[in-house]
Each structure stands twice: as C-alpha cells, then as structure tokens.
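Structure, as structure tokens:
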Amino acid sequence: MFQNKEIKSMDKKIGSYVLLCLMSCMLVSQDQSIHLYVQDTEQNPIKQVEKAVPFVLQVVVENIDGAQFPEKIAGFENFHVTRYGSSQATQFINGKKNQKFMFNYVLRAEQTGTFVVGPLQLTDQQGTVVTSNTVNIRIGDETITHHVKKQPYFLQVSMNQKTVYIGQSLLASVRFYYQQDFENLKIVEPELADFTVGAISQDAVEGTENIRGQEYHYKEWSIKLYPSKVGTLVIPAMQAVFTIQQDHFKQGLMGIFDMFGVHNQKTVQSAPRSVEVISLPESQKYGDVTAIGQFDHISLDVQKNDAEVGEGLVAFVRVRGDGNVDMIKAPKLQLPNGLRYYEANSSIKSIQTNYDEKIFEYILQADVAGNFVIPSQTFVYFDPEKKAYKELKTNEAKVTMYHTTASVTREKETEINATTEEVAQIQQYVFKPEQIDSVQQEYVELSKHKTNVYGILEWLLLVIGCISFLSLGYVWYKLYFENKIQSNFWFFYILLRLQLLKICKQKDVYGLYKLFEAVAQRYNLSLQDDVIISCMQSMNHSEKHVKNWQLFVERLMMMVFSKKELVKQEVQELLDQGCFYIKDFLFCCEKLRKNNKVHTNK
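For the sequence shown, position 25 (counting from the first letter as 1) is numbered 18 according to our numbering, and the numbering increases by one without interruption.
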C-alpha cells in the first residue's frame, strides 16, 4: 500500500513536468521583425509630405527583447528629427507571446524630392541581426494621404499661395467638413508667432463637396495672414471642437449624464501647412516699402480750403487696391515751407471682395499766413506679379491760411509756442541718459513755478520735494555708473510722470498732446500707428481698453487742433486718460523697439 502511494506521487510529478514543457512550447515567441511606417500627425498613412510640414516616422519592433530607442536611422541626415515618444505592448495569440515596441519620430524636410529612410538593424540578446524595410519619402508642395476610412468630420486648411513676400497678404481658408449633425462648433486657432493676423470672416460660407466619392457639407472661414519673417514658415494644426448629437437610444442612456453637464465633445484637427516667405528685392531708389499687391487709385483731399493760422486742417489720402491694406503705413507728406502735419487716424473701407480702400487722416497746420499749394504726393508699392516697384501719384491741393485779429493777440498762441520750445528741450535730455547732470538742471529749470510760495507749509513741501528729487537722482546715478541699469526706460518713465503732473496742474491739453507726440517721435512712431494698437492687443488688453485708447488719441487731437473753447469737464477727462495711458503707451513703444520693429531717435 505504501509502495502504491509512492508510485502515485511520482506520477503526479511526471505529469507536472510534462504540462510545464507543453506550456513552454506554446509560449514560443512569434517571428522577429522591424517595420518602418510614414504617417501624418493624425496617424494616416501618407504618399507625399508637404515641405517644412512635420510628419511621423513610426518604428515597430516585434519580439526583440530589450529593444531601445534607436539613436539614428539611415537617411535621417536629410531631415530635422525629434523624438516623439515610445510605447510597448504584449499579446498572447494562439498561445504564443507577441511583444511590440513602438518608437515615434517627428521629421521635417526643408527640400523637395524623394528621400530614402532605412534600413534599421538591431541585434537581439542571442546575437541575431534583424533588418527593417526601407521607406521612400516624397517631399512636395502638398501632403497627399492614402485612402482612409470614412470620416464623418474633418478640418482642412488651404492657402491661396505657396510663396509670398514678407508682409504680403496671405489668405488662409479654414473649411470644416461634416456628414452628420453637430452643435457648438468652435475653431481653435494656434499661436501664429511668425504672422500678423488680419481680418477674419465672421460669417461662414456654406456649401457641399464630393470627396473620394462621398458627399460632404462644409462651413468655411477665411483669415488674412501677413508673414513677419523670411524663411519657410509653418501654420500649425488648427482644431475644430464641437459636440455631436446622439441617436434616440444613446440620448436616453446619456440623459442622466447631461444633467451633470457631461456632453459628447469631439475634436478634429487639420494638417499643418507651410509657406515660403522671401524678402522684397533691394532698391537704391525706394526704401521701407510696406505696400504689396495691386493698387490702382490714390487721391488727396482737404476737408476745407481755408483755415486760421494754427488751426488744424484735416487732409485725407485714400489708397485703393487688393493688396495688404492692413499693413500699409501712412505715406510721408511733402509739404511747402510754412505748413506742417501730424498723422492722425486711419481706417479701412471694403469696396468689394478683396478690394479695399485705406484712408489716412492728417492734421495740417500753418506757421504763417498765405496761399499754399500742396504738391502731388507719391505712393510706392511692390507689384508681386511683375516683381517690380511702382508708383501712384495724387492730385495737387490748394489751401489758404489766414490771421484774424483775435488770433494775433490771443495769449494761447504764446503759450503754444512756449510749450513747443519746452517739448524740444525735453527731447534733448530725456532721450540721452548719459547727460544726466544736464538733464537734472534743465528739468529743474522747466519745473520752476512762476508763482511765489508763501507760508511755512509751502516751503516745507518744497524742501521735501527737492530732497526727494535729489535722492532719486543720486540713486539713479549710483545704479547707472555701477552698470546695474541696462536702459533708461524707468528713469524716462519717471520724468514723463513728473512732467505729466505739471501739465495736469496747469490743465494744459496742448502740453499733454506734445508730451505723447514727443514719446512717439522718439520711437519713430505716430500716435495712431497700427503697430501700437496691435501691440496693446498682444499685451492681453481688452478690446474696450484698446478702443478707448484710440478714442483718447482722436479726442486729444481734435481738441488741440480745433479753435473751439474747451469745456472744463472734457479737459479733465483727457488729462485723466493721459495719466492712465502713458505707461501702456511707453511699454508698447519699448516692446516694439526690443522686437526690432522700431528704432529710437538718439
């Protein structure tokens, strides 16, 4: 009996060994392999890749134990290569173990042509060398994908040109295709650091299109872009975010989740697009040309033909065409001696599709009385079709400036001339911090009050003010000469604030205007330059804030150059707004200087 027990125990052990051997045989790995695949960023296989647009090379390694991210693959020298992540998966198929390693790279090509990537060779732990396939990657003017499965929604971005000049108008069309109903569609734009964004169509154009034998509806928007640098620029992928409608059965199941604000949200994105941006050809005759396109009309108009000396006279220059009207700077006027001008507002009026009129406003002033002939003005633009610079000329205009008895004796004329001289002195020292000693002396002279100071309290305040000013000057002096201050920005701002306090105390609207104008001229800008408005928008100011700035400048210039008697309340409002906006305005000017968009007058 004892012997039978031993036999039974031995049978069990033998059976266990046999079962273990059978399982080991079943778990033998599949064949080893390495495969290379080329895909777009949405994981669709592609036939051709657009130049400068990123795409994905996926390396799939099967059943090679300990596979690591390959450092280099043959053919990578033709691309910009970035690692994009890896993953690993293990499966058991018919009792056999299958292990996959997936390594992803983002590639980008700067040249067109056909390039070969691969083969990749890896060695397993037993010393077996496994070789991958090779892939031919064709780089062209657009991305061409292989036939993909039916997609009820997708987003596509197209451009009207592949090569443009810097600053030239580029029209990007964003089209959302759909075969099923949707709600709450929102197009999410990427950060376009290399472009200035212009007009965006508010209303979508709707239509239908047959794509690969399938009928799609679409909604399309257009965006005007203006490239701000030379080279191959990429418009990153845009996204369409929306919610889809459920069928009745799913709606019944999901109703309880809708009570908690859970919705079936879906996101699709477009493929990135690229554009080649080139410089305008050099010209010895023309410089700083900002108008690019086709322009066919320009005119010069004056609001009225006569005005009093010192009174502001509004002039308009109108330019029409299908070019980059958003980016055109105000033309510099050529005026006869005795007349001067200030750039004012600008606006754009749509005449028809892709044909606009830009209107530049100027304030003309006369220093002396007389009859003046404003000569024909020249507008220079670059024609990208002819690849040549061209000119348009305006008509002449005649104005008469006259004196009146009241204006000759008016005390305000003397005050205006005095203020002009003061601002000239401010420009001489504010913009040159190395002349700090003379700055302090001149500023003290400018700040002297003509009224006598009476009483102990007034003298005490004066002494405290002097000590504070000298202390500030000393601290600045120490920091400057110890190289701890790299620019004169903050000192310049403090001086402006001090001068602004003086202007506010004297209720001097003209002095307020001259102060802002002096800052603008220092940075080669005008108060209503479009780049200032764009800068304020880039500083995340609200639309209301930017609009109020524009209204402030318009009201300021209107009050300064009109001969109407100023209302006390309006004057105070302008002064308050000036104190509010001076810092933002100076920050914008300094930001544009640092971005090399303007240069200061030293």
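Think of the CB as a built atom: it goes at the ideal place given N, C-alpha and C, for glycine as much as any other residue.
For residue 348, the enclosing beta strand (DSSP E) covers residues 348 to 359.
Here residue 47 is buried, its C-beta having at least 16 other C-beta atoms within 10 Å. A distance below 7 Å between beta-carbons, with the five flanking residues on each side excluded, links residue 352 to the following residues of its chain, in chain order: 309, 311, 339, 340, 342.
With respect to the C-alpha of residue 135, the residue from 262, 208, 227 having the closest C-alpha is 227.
Comparing alpha-carbon positions, the option among 488, 315, 230, 458 lying closest to residue 185 turns out to be 230. A residue is called buried once 16 or more other Cβ atoms fall within 10 Å of its Cβ, and residue 393, having fewer, is exposed.
Annotation for residue 574: the continuous alpha helix (DSSP H) segment containing it runs 561 to 587. Residue 377 is positioned such that its CB atom lies closer than 8 Å to that of residue 158. In the three-state reduction of the DSSP assignment, residue 72 falls in the coil class. Setting aside the 5 residues that flank it on each side, residue 561 has no residue in the same chain whose C-beta is closer than 7 Å to its C-beta.
If one requires a minimum length of 3 residues, the beta strand (DSSP E) runs lying completely within the segment 28 to 55 are 39 to 43, 48 to 55, in chain order. At the C-beta level, residue 146 and residue 259 come within 8 Å of one another.
Counting along the chain, the unbroken alpha helix (DSSP H) around residue 503 starts and ends at 502 to 515.
In this model, residue 567 and residue 495 are separated by some 15 Å (Cα to Cα). Ranked by Cα distance from residue 133, the options 105, 316, 301 are led by 105. The continuous beta strand (DSSP E) containing residue 130 extends over residues 128 to 133.
In this structure the segment 572 to 583 lies against the segment 528 to 542, because at least three pairs of beta carbons, one per stretch, are closer than 8 Å. 8 Å or more divides the Cβ of residue 518 from the Cβ of residue 526. CA-CA distance, residue 182 to residue 193, rounds to 11 Å.
The three-state reading of DSSP puts residue 97 in strand, counting E and B together. The alpha carbon of residue 73 has as its nearest neighbour, out of 303, 103, 91, 37, the alpha carbon of 103. Per DSSP, the unbroken beta strand (DSSP E) holding residue 339 starts and ends at 332 to 345. Across the structure, residue 463 and residue 493 are spaced so that their CA atoms are roughly 19 Å apart. Straight-line measurement puts the Cα of residue 268 at about 11 Å from the Cα of residue 222. Assignment of beta-bridge partners to residue 214 by DSSP yields 167. Counting only the Cα atoms, residue 348 lies some 14 Å from residue 163. Per the C-alpha coordinates, the member of 167, 209, 210, 216 positioned closest to residue 190 is 216. When the beta-carbon positions are compared, residue 213 and residue 234 stay at least 8 Å from each other.
As for any beta strand (DSSP E) of minimum length 3 sitting wholly inside the segment 255 to 317, the runs are 258 to 262, 266 to 271, 288 to 295, 299 to 301, 306 to 314, ordered along the chain.
Between the C-alpha atoms of residue 454 and residue 304 there is a straight-line separation of about 40 Å.
Within a 10 Å sphere around the beta-carbon of residue 387 sit 16 or more other beta-carbons, which makes this residue buried. Rounded to whole angstroms, the gap between the alpha carbons of residue 123 and residue 210 is 48 Å. Looking at the DSSP output, residue 374 bridges to 383. Where residue 151 is concerned, the enclosing beta strand (DSSP E) starts and stops at 146 to 152. In the three-state reduction of the DSSP assignment, residue 91 falls in the strand class, which pools E and B.
Going by DSSP, residue 394 is part of the beta strand (DSSP E) stretching over 390 to 395.
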